[in-house]
Every structure is written in structure tokens, then in C-alpha cells.
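Residue numbers (our numbering): 76 to 309. Every residue gets a Cβ at the ideal spot worked out from N, C-alpha and C, and that includes glycine. Here the structure is a predicted model, which means the values were calculated and not measured.
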């Protein structure tokens with residue numbers, strides 16, 4: 076068993092398999108979420124549509140303000156505002172989180188800062204229920220390989236870093252007790268991390284940082300103790 080963890084490919088394959096399963100799982104959830112919430116999203120968007128953009132500014136509806144507030148808790152709310160009476164807003168006036176549109180600019184306040192995008196480069200278009208539905212269908216249809224590989228690479232890097240941090244925290248104990256190398260402890264931890272995360276995804280339960288660290292310590296101690304005992308009796 077210990078030879079399995081001494082193989083240089085074990086850590087890489089453990090993280091890769093974990094990343095693949097996670098990417099498939101998250102992608103499935105994302106697609107299901109779009110499928111579930113898109114009808115409600117379109118229904119809410121009808122209040123603001125149709126919107127016509129020509130030559131970098133909204134030309135319809137004209138001189139209109141449409142505003143909706145979505146409460147997300149006792150003290151949290153999100154505003155959606157379309158105000159075609161003005162070309163732009165003063166940033167200081169956008170104090171609450173939300174999406175704001177003037178004739179020429181789109182403002183997104185995430186609660187910490189305001190991002191601004193101009194309609195200048197937007198092609199002439201009319202956004203209505205039909206075009207919005209087509210856009211959602213396009214996203215669902217094309218949410219394939221590209222999205223999967225982005226998820227795969229992102230999670231693989233995250234998992235590799237997480238395992239490295241776990242190993243940094245606990246390796247000195249294993250090194251002191253059993254005089255093992257960092258790479259061995261990292262490989263064992265990568266395998267444990269993959270098993271716990273795959274199990275949590277498929278089983279629908281959470282795994283805390285402390286539980287992960289505890290399991291890694293137990294598995295490392297058990298494997299190193301077994302090898303030490305095997306060598307002593309050989």
C-alpha cells in the first residue's frame with residue numbers, strides 16, 4: 076500500500092480525478108440552475124423590455140424610469156434601475172447594491188465598488204422576450220467543453236494549493252515521528268483530499284477543514300506506522 080503513495084503520479088492523478096468529478100458536478104448544477112430560474116428571470120425582465128440600443132445609447136424606452144427592488148434579507152436589498160432620462164449617473168448617487176442603466180452607461184454596484192460599462196461598442200439591438208430567450212438557450216447549448224475545462228483547471232489548481240497548505244501544517248509532525256519526505260506526505264494528503272471531496276459531492280454532506288486535517292493526520296500516521304512495523308519485522 077505504501078508503494079502506491081510513493082508513485083510520483085499518485086498525487087497528480089488523485090487531484091485530476093477529483094477535479095474532473097467536481098467540474099462535471101458543478102457544470103450539471105449550473106445548467107440545472109439556468110433551466111430552473113430562467114423562466115422567473117425572463118418574467119422579471121419583461122418589466123424593463125423591450126430595450127432598443129442604437130449607436131451606443133438606449134433609444135427606447137425614451138425618457139423613462141423603471142425601478143425594482145429585490146429584498147434578500149432584513150438589511151440586504153438589490154436594485155435594478157433603468158433611467159433613460161439621463162445620459163449618465165453620478166457614481167456617488169449609486170449607494171445601494173444593484174444594476175443601474177442610464178441612456179449610455181451600465182453601472183454595477185456589488186456593495187463594495189461600482190463598475191461602469193459603456194454601450195458605445197454594443198451593436199444595434201432590440202432586447203425583448205424573444206431575444207432574451209434565445210440568449211439563454213445559446214448559453215445552455217454552449218455551456219460545454221469550454222466551461223468544463225475552465226472549471227477543471229480552476230479546481231485542479233485550487234485542490235493542489237489546498238493540499239500543499241494542509242501538508243505544510245502537518246508534515247513537520249510526520250517528519251519528526253517517521254522521518255518521511257514532504258512529497259510522500261503530500262501524496263497521501265492528495266489521495267485523502269480527493270476521496271473526501273468526491274464523497275462529499277456524491278453523498279451530499281459537508282467536510283470541514285478540521286475534519287480533513289484530522290483524517291489526513293490519521294491516515295498518514297497509520298501508513299507510516301505500518302511501514303515502520305513492516306521494516307522492523309523484515
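DSSP places residue 119 in the uninterrupted alpha helix (DSSP H) bounded by 85-120. By the neighbour-count criterion, in which 16 or more other beta carbons inside 10 Å mark a residue as buried, residue 280 falls on the exposed side. Residue 261 sits close to residue 86, with the two beta carbons spaced by under 8 Å.
Assigned with DSSP and collapsed to three states, residue 304 falls in helix.
Proximity to residue 196 across 175, 128, 233, 124 peaks at 128, based on C-alpha coordinates.
Per the coordinates, the alpha-carbon of residue 189 lies some 26 Å from the alpha-carbon of residue 113.
Setting aside the 5 residues that flank it on each side, residue 146 is surrounded in the same chain by 152, each with a C-beta closer than 6 Å to its C-beta; the list follows chain order. Residues 124, 125 of the same chain have their beta carbon placed closer than 7 Å to that of residue 203, with the five preceding and five following residues left out of the count.
In the structure shown, the three-state DSSP call for residue 239 is helix.
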